[in-house]
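Written below as structure tokens is the structure these notes are about.
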Amino acid sequence: MVKAARVVGCLIGSVVVCAQAAQGDELKRKNPTPQELVKFLSAVQSLETGLLESFPRSADPTLKNVAFTYDVAMSALVFARQGKLAASANALKTYRQMPLPAPDRASFNTAYQTQTGRPTLEYRLHGGPLYWTAIALMRYGQAASRPADVQRGVQLVEWVKDHFDHFSGGVVMGIQEPWSYLTSVENNWVYYAALRVAAASLPEGPRRQALEEERHRVRLWIERHVRQRGDSDATKALDVYTHALLVGPEAHLEDFPSDRAQLAVWAKAWVEEIETLFLVPDTARYDYTDARGAAQAGRARMGWLEGTEQVVVAYLTWVPFFREMGDEAFADQLLVRASLAHSEVLDYAVHYSFGWGIPNTDAAEPLPTFSDGWPARPRSEPALNGTNWAYLASVGYNPFTMRIPAPEPAHELPPMPLPRPSLMPLLASMRE
4 MVKAARVVGC LIGSVVVCAQ AAQGDELKRK NPTPQELVKF LSAVQSLETG
54 LLESFPRSAD PTLKNVAFTY DVAMSALVFA RQGKLAASAN ALKTYRQMPL
104 PAPDRASFNT AYQTQTGRPT LEYRLHGGPL YWTAIALMRY GQAASRPADV
154 QRGVQLVEWV KDHFDHFSGG VVMGIQEPWS YLTSVENNWV YYAALRVAAA
204 SLPEGPRRQA LEEERHRVRL WIERHVRQRG DSDATKALDV YTHALLVGPE
254 AHLEDFPSDR AQLAVWAKAW VEEIETLFLV PDTARYDYTD ARGAAQAGRA
304 RMGWLEGTEQ VVVAYLTWVP FFREMGDEAF ADQLLVRASL AHSEVLDYAV
354 HYSFGWGIPN TDAAEPLPTF SDGWPARPRS EPALNGTNWA YLASVGYNPF
404 TMRIPAPEPA HELPPMPLPR PSLMPLLASM RE
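Remember, our numbering sits 3 above the position in the sequence shown when you count from 1.
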């Protein structure tokens, strides 16, 4: 049983979902503000290349000065959302200058060396980071009024459409073995989101039509594998479930027309499935896998902090939908669950003299994610992936569904009040 010792929170968008308060126990320290999270990113950004070190205090020497393309793309989105457009452009500089991908050159590689900008670790192109880079370029271009960067992102999406192999509509994970014959449901969700952003960036015409047709084919493939990690991998994976919500209600209504009441029934069931499969017992944090997947990986359950914040953003994405449907009770449930999860992630912030960083996991040591997966980094190591998603959760920004708003003057968040009294019994019952 987890005691409701604290209710910790922040402003998410314009909605107060939680607040710093003590219930019989004083807070030992304050949680980081969005500005402090961004300060961490700024401190690990290379002046030479604009790339950001993904794990700046890692005990793994192979990760020293390594920037993973996915992390850089996410950091560019964070910078742009915070109004730091110059820092966002600098982060994307390496990728804006690259030629389009090709099998015989290491463009849009999985990782780069921060000081030199040269490929490192895995010398190959992987679909997931490429899609996030395309989304970052398009969202940055929209925010900075730079049509050339929007078109650059669109071109990357079109390149994938024309060059990645497709299996029954779904795209493979890359153009080199083994990724050239493996599919990932999570990757296809991100590609699907990139297709939506790209199509919306084009005027009516053949290019837009081609992207919309591709989007629908990908979505049909996803529906056939919606609870799987891949077409031949039935492992339950949190990101697969989360991304189904991150794409937003309108995406579901566009590709599978139904009335909004039917969609609400599906979304409620999907959320409960996430809670049942992935919530780590006695916490408000979520695991990479369900209990069976953790056992197959030979580890105990652990909180994936990056993934937990993805759940937070996903739940926040659906709050307005349920409000519009008149289901205030379920909208409040989503806010409370998001509040508790976000507050627990922020508890793992690692304080630097130059800012705050959120680790990848809450584990005391590196642990395998999946039975065939990489070792996740421990709670002692701040990471870009955890920090980026903690920021997105703090400000309520979903890159799949939202343009970046016009920059606002930086300011510290004011003290937060407690949640509305009507939420308190529900919050207490969920914590017991």
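Where is the CB? At the ideal position from N, CA and C, for every residue including glycine.
Neighbour-count burial assignment, residue i, 16 or more Cβ in a 10 Å radius
i, result
"G301", "exposed"
"W192", "buried"
"Y3", "Absent from the model: residue 3. The displayed extent of the chain is 4 to 435, so no value can be given."
"W1", "Because the chain here runs from 4 to 435, residue 1 falls outside it and cannot be looked at."
"Y126", "exposed"
"P104", "buried"
"P181", "exposed"
"V268", "exposed"
"E216", "exposed"
"R199", "buried"
"T279", "exposed"
"R84", "buried"
"Q48", "buried"
"D285", "exposed"
"F71", "buried"
"A151", "exposed"
"D107", "exposed"
"R218", "buried"
"K164", "buried"
"L214", "buried"
"Q336", "buried"
Whole-number beta carbon distance between residue j and residue i, since they are thought to touch under 8 angstroms
i, j, result
"T117", "H129", "Not a contact, Cβ separation roughly 19 angstroms."
"W392", "E312", "4 angstroms"
"D258", "R227", "Not quite, the Cβ-Cβ distance comes to about 13 angstroms (not below 8 angstroms), so this is no contact."
"G120", "T52", "4 angstroms"
"L80", "P402", "5 angstroms"
"G172", "R220", "4 angstroms"
"G131", "N190", "5 angstroms"
"A386", "F58", "5 angstroms"
"T186", "L159", "The pair is not a contact, with the Cβ atoms about 19 angstroms apart (cut-off 8 angstroms)."
"L54", "T97", "6 angstroms"
"Y289", "L282", "6 angstroms"
"V315", "A396", "4 angstroms"
"G110", "M101", "The residue you asked about is not Gly; residue 110 is Ser in the sequence shown. Confirmed, Cβ separation roughly 5 angstroms."
"L349", "P35", "6 angstroms"
Residues bridged to residue i (per DSSP)
i, result
"W162", "Answer is none; W162 lacks a bridge partner."
"D236", "G233"
"P371", "P378"
"T364", "W307"
"Q116", "V69"
"T186", "V175"
"A386", "I361"
"L128", "N112"
"Q48", "L55"
"L282", "Y289"
"H228", "Beta-bridge pairing links H228 to no other residue."
"P122", "Y115"
"V353", "G360"
"H169", "V174"
"A254", "The partner list for A254 (beta bridge, DSSP) is empty, contrary to what the question assumes."
Of the listed residues the options, nearest to residue i (C-alpha basis)
i, options, result
"D236", "A46, G296, I178", "G296"
"F324", "I407, L214, G86, E253", "E253"
"A344", "H354, P150, G310", "G310"
"Q299", "A240, A70, V188", "A240"
"V339", "P35, R326, A287, G177", "A287"
"A303", "Q85, H166, T186, A367", "A367"
"K33", "A396, S346, L395, R406", "S346"
"Y351", "R326, L308, S261", "L308"
"Y194", "P64, Q336, V174", "V174"
"A89", "M328, S61, R326, S148", "S148"
"A196", "I138, A62, D152", "I138"
"D3", "M328, P64, R406", "Here the chain has residues from 4 to 435 only, and residue 3 is not among them."
"S61", "T364, S91, Y400", "T364"
"P408", "P35, L44, F82", "F82"
Residue i beta carbon near the ligand FMN (any heavy atom closer than 7 angstroms)
i, result
"F357", "Summarising the ligand content, the structure contains no ligands, and the ligand FMN is consequently not present."
Proximity test, Cβ basis, 8 angstroms: residue i and chain B
i, result
"E207", "Of the protein chains in this structure there is only one, and it is not chain B."
Assess, as a yes-or-no matter, whether the region 74 to 87 is touched by the region 365 to 377 under the definition of 3 or more beta carbon pairs within less than 8 angstroms.
With the cut-off at 8 angstroms, the region 365 to 377 and the region 74 to 87 do not touch.
Contact between the region 205 to 214 and the region 138 to 145: three or more CB pairs below 8 angstroms?
Touching, no, given that fewer than three Cβ pairs across the two stretches are closer than 8 angstroms.
For the region 35 to 55 and the region 349 to 363, state whether three or more C-beta atom pairs, one from each stretch, are separated by less than 8 angstroms.
Three or more Cβ pairs closer than 8 angstroms define a contact, and the region 35 to 55 meets that threshold against the region 349 to 363.
Contact between the region 382 to 394 and the region 223 to 239 (3+ Cβ pairs under 8 angstroms):
Short answer: they don't touch.
Decide yes or no for the touch test of the region 272 to 291 against the region 233 to 248: beta carbon pairs closer than 8 angstroms, at least 3 of them.
With a cut-off of 8 angstroms, the region 233 to 248 and the region 272 to 291 count as touching, because enough Cβ pairs lie within range.
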